[in-house]
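Okay, structure first, notes after.
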Amino acid sequence: MDLENQKRVLALAEQHGKENIIVLLGGADAEASGMIAETVIAGDPAFAGALTGVQLGLPTYHILEPEIKREIDPAVYEQNISMMEMVLPVDEIVNEVSSIRKKLLS
Amino acid sequence: MLDGKKIIILGDRDGVPGGAIEACLAGKNAQVVFSVTSCFV
Chain A
14 MDLENQKRVL ALAEQHGKEN IIVLLGGADA EASGMIAETV IAGDPAFAGA
64 LTGVQLGLPT YHILEPEIKR EIDPAVYEQN ISMMEMVLPV DEIVNEVSSI
114 RKKLLS
Chain B
485 MLDGKKIIIL GDRDGVPGGA IEACLAGKNA QVVFSVTSCF V
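Structure representation (structure tokens):
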């Protein structure tokens with residue numbers, strides 16, 4: 014995860030309180046999405062950025078996950094997300110992000 | 485789940501961009517506090 018974004022996420026968690034924040038991802042593949050989820054939940058696994066050793070525990074979902082999709086107006090989702098939903102590896106992404114969340118947030 | 489929450493959006497130029505995710509949240513009781521679209525190329 015981008016080092017600058019790690020700084021921003023840390024500052025926002027401190028500013029708003031981590032219990033009030035949800036992170037939504039738009040990553041193109043399972044591996045990258047999983048790495049970002051891991052970073053904002055349990056700290057930077059690469060030991061490079063501001064989140065190294067910082068366990069924010071932020072609930073993190075990919076926009077393609079059913080828990081999020083069902084909260085969005087279907088017409089709006091269709092207009093903004095559906096095209097990418099057709100080309101991205103949805104099952105892989107959903108499995109990766111949800112399994113990291115279950116493993117690290119429980 | 486999103487109701488009353490502050491939302492951090494980490495979009496991806498090759499996946500779903502931040503702006504598209506933001507558009508999905510318009511009109512919801514959730515505040516986008518940060519939205520970015522990364523490019524890994």
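One line per chain: the protein sequences are A and B, in this order. The opening position of the first sequence corresponds to residue 14 in the numbering used here, with each subsequent residue numbered one higher. The opening position of the second sequence corresponds to residue 485 in the numbering used here, with each subsequent residue numbered one higher. C-beta: ideal position from N, C-alpha, C; glycine also. If you're wondering where the values come from, they're calculated on a predicted model, not measured in any experiment.
Report the residue from the options whose alpha carbon sits nearest the alpha carbon of residue i.
{"i": "A:Gly62", "options": "A:Ile54, A:Glu27 and A:Met14", "result": "A:Met14"}
{"i": "A:Ile34", "options": "B:Val500, B:Ile505 and B:Ile492", "result": "B:Ile492"}
{"i": "B:Leu486", "options": "B:Ala504, B:Ala514, B:Gly502 and B:Phe518", "result": "B:Ala514"}
{"i": "A:Pro79", "options": "A:Ala45, A:Ser111 and A:Arg21", "result": "A:Ser111"}
{"i": "B:Gly499", "options": "A:Gly39, A:Glu27 and A:His29", "result": "A:Gly39"}
{"i": "A:Ser119", "options": "A:Leu71, A:Val107 and A:Leu23", "result": "A:Leu71"}
{"i": "A:Ile94", "options": "B:Gly502, B:Val520 and B:Ser519", "result": "B:Gly502"}
{"i": "A:Arg83", "options": "B:Leu494, B:Arg497, B:Val516 and B:Lys512", "result": "B:Lys512"}
{"i": "B:Ala504", "options": "A:Asp104, A:Pro102, A:Glu109 and A:Ala88", "result": "A:Ala88"}
Determine the direct distance from the alpha carbon of residue j to that of residue i, and round the result to whole angstroms.
{"i": "A:Ala45", "j": "A:Tyr74", "result": "13 Å"}
{"i": "B:Leu509", "j": "A:Phe60", "result": "32 Å"}
{"i": "A:Lys31", "j": "A:Leu64", "result": "13 Å"}
{"i": "B:Ser522", "j": "A:Asp42", "result": "13 Å"}
{"i": "A:Glu27", "j": "A:Ala50", "result": "18 Å"}
{"i": "A:Ala22", "j": "A:Val53", "result": "Note on residue identity: the sequence assigns Val, not Ala, to residue 22 of chain A. The straight-line gap from Cα to Cα measures roughly 8 Å."}
{"i": "A:Asp104", "j": "A:Ile85", "result": "19 Å"}
{"i": "A:Gln1", "j": "A:Arg114", "result": "This structure does not reach residue 1 of chain A, given that chain A is present from 14 up to 119, and the question cannot be answered."}
{"i": "A:Leu55", "j": "A:Met48", "result": "The sequence shown places Ala at residue 55 of chain A, not Leu. A:Ala55 and A:Met48: Cα-Cα distance of roughly 10 Å."}
{"i": "B:Gly488", "j": "A:Pro102", "result": "30 Å"}
{"i": "A:Gln24", "j": "B:Ser519", "result": "Residue 24 of chain A is actually Ala in this sequence, not Gln. C-alpha separation (whole angstroms): 14 Å."}
{"i": "A:Glu109", "j": "B:Arg497", "result": "20 Å"}
Would you decide whether residue i is buried or exposed? Buried here means 16 or more other CB atoms lie within 10 Å of its CB.
{"i": "A:Gln19", "result": "buried"}
{"i": "A:Leu77", "result": "buried"}
{"i": "A:Pro58", "result": "exposed"}
{"i": "A:Val107", "result": "buried"}
{"i": "A:Met99", "result": "exposed"}
{"i": "A:Leu16", "result": "exposed"}
{"i": "B:Gly495", "result": "buried"}
{"i": "A:Met96", "result": "exposed"}
Just checking my contact of residue i with residue j at CB under 8 Å: how many whole Å lie between their CB atoms?
{"i": "A:Leu37", "j": "A:Ile81", "result": "7 Å"}
{"i": "B:Val517", "j": "A:His29", "result": "6 Å"}
**Q.** Contact list for the segment 17-29 of chain A against chain B, Cβ threshold 7 Å
**A.** For the segment 17-29 of chain A, which is checked against every Cβ of chain B, the residues closer than 7 Å are Asn18, Arg21, Val22, Leu25 and His29.
Q. Mind listing which residues of the segment 84-98 of chain A have their C-beta closer than 7 Å to chain B's C-betas, in chain order?
A. Within the segment 84-98 of chain A, the residues whose Cβ lies closer than 7 Å to some Cβ of chain B are Glu84, Ile85, Val89, Tyr90, Asn93, Ile94 and Met97, listed in chain order.
Q: Using a Cβ-Cβ cut-off of less than 9 Å, list which residues of the segment 34-54 of chain A approach chain B; keep chain order.
A: In summary, the residues of the segment 34-54 of chain A whose CB is separated from some CB of chain B by less than 9 Å are Ile34, Ile35, Val36, Leu37, Leu38, Gly39, Gly40, Ala41, Asp42, Ala45, Ser46, Ile49 and Val53, in the order they occur in the chain.
Q: Taking only beta carbons into account, state which residues of the segment 66-84 of chain A come closer than 7 Å to chain B, listed in chain order.
A: Flagged, chain order: Ile76, Glu80 and Glu84.
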